[in-house]
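Right, one structure below, let's go through it.
Numbering (my numbering), first residue to last: 964 to 1242.
Right under this line is the structure:
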């Protein structure tokens, strides 16, 4: 090994140390979550890092049946899926003219959408609650879908518009010569070309909606419409908490998002790599 190689490795050492520490910070809670799924509450209090005495699926079975987890999972799937689809459709239709047409006001409008990313929506919770009550959207999945879509659209428009800007204009010009309408150019040509951007918007929206506890808590009162984060609170009592079932419920709730990420991982990596070339 030459002196140049040694010096290069020394320069890279701080970065590797930071990455190792970050991996440790992420891995330790995941390890505690996994092993605690198979423990009783007494074992969790006795030794947080130790392995369970017996590897059984009792916590998973009890969490699924006692909390009627299937109903909560269906509600979360419906709300998350609806919010992702509505966000992608509306954002794509907004980003397309802002990025592909010669409009003098496109930059101010994009700045307006960017402002929507920076403003904390929870500061307007009271006004939002009053609006939902006026529209009779409390205690409904549709109300949650509309709220989440409105929150995520600014971020989605910003991402999609920047990806669309770098596409060659020959794509839609050739389609227009063949008689294609604007909606067909958008959904049949532009969006399939920017699959990484669509994947980024989809996974970020899905994670934010699936894990959100705040808005279902203030907008949903009927158990029939509650989502997974609210279901987990049923295991937390005033005098006793079954932590084994809590950790099992958390593991179950993580699986759909993890599967979605694995399915879209390649597109997300391509999208993150492509952002370096965006102007």
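For each residue, glycine too, the CB sits at the ideal point set by N, CA and C.
- Taking 7 angstroms as the cut-off, the beta carbon of residue 1172 is found closer than this to the beta carbon of residue 1046.
- Taking 7 angstroms as the cut-off, the Cβ atoms of residue 1178 and residue 1110 count as close.
- Note: residue 1199 is bridge-paired with 1204 in the DSSP secondary-structure output.
- Straight-line spacing of the CA atoms in residue 1199 and residue 1156 works out to 47 angstroms.
- Annotation for residue 1107: the continuous alpha helix (DSSP H) segment containing it runs 1104 to 1128.
- When the five nearest sequence neighbours on each side are left out, the beta carbons in the same chain lying within less than 8 angstroms of the beta carbon of residue 1106 are those of 1095, 1098, 1100 and 1182, in order along the chain.
- Here residue 1072 has 1061 as same chain residues with Cβ atoms under 7 angstroms from its own Cβ, once five neighbours each way along the sequence are excluded.
- When C-beta atoms of the region 1136 to 1146 are compared with those of the region 1077 to 1084, fewer than three pairs fall below 8 angstroms, so the two segments do not count as touching.
- If you check the CB distance, residue 1114 and residue 1153 do not come in under 7 angstroms.
- 7 angstroms or more divides the Cβ of residue 1220 from the Cβ of residue 1163.
- In this chain, the alpha helix (DSSP H) harbouring residue 1029 covers 1021 to 1029.
- Judged by DSSP in its simplified three-state form, residue 1140 adopts helix.
- In this structure, the straight-line span from the alpha carbon of residue 1014 to that of residue 1218 is close to 22 angstroms.
- Secondary structure of residue 1216 (DSSP, three-state): helix.
- Here residue 1184 has 1102 as same chain residues with Cβ atoms under 6 angstroms from its own Cβ, once five neighbours each way along the sequence are excluded.
- When C-beta atoms of the region 1025 to 1042 are compared with those of the region 1085 to 1092, fewer than three pairs fall below 8 angstroms, so the two segments do not count as touching.
- Annotation for residue 1173: the continuous alpha helix (DSSP H) segment containing it runs 1158 to 1173.
- Counting only residues of its own chain and dropping the five nearest sequence neighbours on each side, residue 1021 has no CB closer than 7 angstroms to any other CB.
- Nearest to residue 1000 by C-alpha distance, out of 1228, 1017, 1222 and 1057, is 1017.
- The residues 1080, in chain order, have a CB closer than 6 angstroms to that of residue 1118 in the same chain once the five nearest residues on each side in sequence are set aside.
- Here residue 1228 is exposed: its Cβ has fewer than 16 other Cβ atoms, across all protein chains shown, within 10 Å.
- With fewer than 16 other beta carbons inside 10 angstroms of its own, residue 1086 counts as exposed.
- Between residue 1123 and residue 1165, the C-beta spacing is not below 7 angstroms.
- Taking residue 1189 as reference, the option from 1207, 1039 and 1002 with the minimal CA-CA separation is 1039.
- The three-state reading of DSSP puts residue 1230 in helix, counting H, G and I together.
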